[in-house]
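According to my numbering, the sequence shown holds residues -13 to 297 in order.
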Amino acid sequence: MSHAPSARPHFANTETPPWWQDGRNLALLAAAGFSLKAIFVKLAYAAGPVDAITLLALRMLLALPAFIWLVYKAGGTRLSSGDWLGMLLLGLVGYYLSSLFDFIGLQTISAGLERLILFTYPTLVLLMEAVWRRKPIGARVWLGMGLTYLGLLAAFWHDLIHTQASLAVLIGAGWVFLSSLSYSVYYLGTGRYVQRMGAMRLAGLSGSLACGFVLAHFAATRPLASLAQLAPAIWGWSLAMALFSTVLPIWLAARAVAALGASKAAAMGTIGPVLTIVFGWFILSEPFSWAQLLGLALVLGGVSWISRSKQ
């Protein structure tokens, strides 16, 4: 006896769109989110008087619930005391010190220069690994580093010719370089834990602990009442930074790595400096120059050359 097809509801229209399942799209969206961070910081500074630690505290305060959610969502086994110590150190050098140095530097340099300096972290990771493992660096890698830092000099020149505060630019760039150095230490440290914990749990734990460091720093140096005196626009840009440039891109990047693998996802992230410079032109009206474009091309080319040489 034959049966008529059951009248089962059709859910095809509610399925995840194909473009959302493509790891390349996820990686590009993550890069765009990370690229907007410097833009949001500059907009918050322009919205009213606010210092770096206060702005960073707002970002972390608003991002903390999402970091906790990442830990809950990832699950996992109970951590040992050694694992907790490692997470504390990663939170300290990564999301806390790296972000603090970055926010201080962004007070005096352009968003485009900031992004290019941060993008040099693969060269710092390579140098640290070479020193730690006592492994010589090949000529091709040295060539890539030379191109990268030549590009940084061109980007420096761009900022210097568009300001009368040359010393402030140099100091700000120094702070952002310290940020890149701190992130490089964090990046090296994640290699010990990411395979055991997973990227999502690692980001959630280190981010949550970093929030604790930042908020403790703020509470020790600023009155809590000062938060209520901030302009509403500063709160708005901080919320945008926490959502679109902290939590969402971390989640998207984790999904992209799962879909593409770490190397391919990282390669897609090379679009980040380009996006930051373009956002700076259109949103912040930052000045344009051929020196900046030359610096961008050299930095991207140098980092890409290093990545291919290592492979």
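Think of the CB as a built atom: it goes at the ideal place given N, C-alpha and C, for glycine as much as any other residue.
Whole-angstrom C-beta distance between residue j and residue i, which should lie under 8 Å
{"i": "Leu129", "j": "Trp291", "result": "7 Å"}
{"i": "Gly190", "j": "Val57", "result": "4 Å"}
{"i": "Leu284", "j": "Thr109", "result": "Not really, about 13 Å apart at Cβ, beyond 8 Å."}
{"i": "Leu188", "j": "Val180", "result": "5 Å"}
{"i": "Ala217", "j": "Gly9", "result": "With a Cβ gap of about 39 Å, Ala217 and Gly9 do not count as contacting."}
{"i": "Ala24", "j": "Thr262", "result": "6 Å"}
Alpha-carbon spacing of residue i relative to residue j, whole angstroms
{"i": "Ala277", "j": "Gly98", "result": "12 Å"}
{"i": "His(-4)", "j": "Ala251", "result": "Only weak support is given to the placement of His(-4): the predicted model assigns it a pLDDT of 43, under 50, and the question is left unresolved by the model."}
{"i": "Val264", "j": "Phe230", "result": "17 Å"}
{"i": "Gly288", "j": "Gln215", "result": "45 Å"}
{"i": "Val162", "j": "Val111", "result": "16 Å"}
{"i": "Leu78", "j": "Val171", "result": "10 Å"}
{"i": "Ala(-7)", "j": "Asp69", "result": "Its pLDDT being 44, under 50, Ala(-7) is placed unreliably by the model, and nothing is read from it."}
{"i": "Ile39", "j": "Leu86", "result": "7 Å"}
{"i": "Glu19", "j": "Trp221", "result": "One detail in the question is off: residue 19 reads as Gly in this sequence, not Glu. Taking the straight line from one Cα to the other gives about 18 Å."}
{"i": "Arg294", "j": "Ile236", "result": "25 Å"}
{"i": "Ala17", "j": "Gly255", "result": "5 Å"}
{"i": "Val260", "j": "Leu104", "result": "13 Å"}
{"i": "Cys197", "j": "Leu47", "result": "7 Å"}
{"i": "Leu113", "j": "Trp267", "result": "33 Å"}
{"i": "Thr106", "j": "Pro122", "result": "19 Å"}
{"i": "Ala219", "j": "Ala202", "result": "24 Å"}
When the options are compared against residue i, the one with the closest alpha-carbon
{"i": "Ser271", "options": "Lys59, Ala60 and His148", "result": "His148"}
{"i": "Leu74", "options": "Thr176, Ala226, Gly158 and Thr106", "result": "Thr176"}
{"i": "Phe199", "options": "Arg187, Leu76, Ala140 and Gly61", "result": "Leu76"}
{"i": "Gly281", "options": "Leu201, Ile269, Ala140 and Leu146", "result": "Ala140"}
{"i": "Gly61", "options": "Ile123, Gly72, Leu12 and Met186", "result": "Met186"}
{"i": "Leu195", "options": "Arg126, Ala13 and Leu71", "result": "Leu71"}
{"i": "Glu100", "options": "Ser224, Leu113, Gly137 and Lys121", "result": "Gly137"}
{"i": "Leu225", "options": "Leu29, Ser293 and Asp88", "result": "Leu29"}
{"i": "Asn11", "options": "Ser275, Ile257 and Leu213", "result": "Ile257"}
{"i": "Ile95", "options": "Glu115, Arg120 and Gly158", "result": "Gly158"}
{"i": "Phe89", "options": "Val117, Phe26 and Leu286", "result": "Phe26"}
{"i": "Leu14", "options": "Ser275, Phe274, Arg241 and Phe268", "result": "Arg241"}
{"i": "Ala228", "options": "Gly193, Thr262, Ala202 and Gln150", "result": "Gly193"}
{"i": "Ser21", "options": "Thr232, Glu115, Leu213 and Ser212", "result": "Thr232"}
{"i": "Trp358", "options": "Gly9, Leu213 and Tyr31", "result": "Past the boundaries of the shown model lies residue 358; the chain is included only from -13 to 297, so the question cannot be answered."}
{"i": "Gln93", "options": "Trp55, His144, Gly160 and Ala239", "result": "Gly160"}
Closer than 6 Å: residue i CB and nearest the ligand FAD heavy atom
{"i": "Gln150", "result": "Absence of the ligand FAD from the depicted structure is noted, as is the absence of any ligand whatsoever, leaving it without description."}
For the 8 Å Cβ check, are there 3 or more pairs between the region 153 to 168 and the region 58 to 71? no
Does the pairing of the region 195 to 212 with the region 34 to 46 give three or more beta-carbon distances under 8 Å? yes
Would you be able to state if there are at least three C-beta pairs under 8 Å between the region 22 to 38 and the region 69 to 83? no
With a cut-off of 8 Å, do at least 3 Cβ pairs link the region 164 to 171 to the region 47 to 57? no
What runs of the alpha helix (DSSP H), each 4 residues or longer, lie entirely inside the region 123 to 189? 125 to 147, 152 to 176 and 180 to 183
Sequence ranges, alpha helix (DSSP H) only - wholly within the region 62 to 97, length at least 4: 67 to 77 and 85 to 91
With a floor of 4 residues, list each alpha helix (DSSP H) that falls wholly inside the region 240 to 265, ordered by position along the chain. 248 to 254
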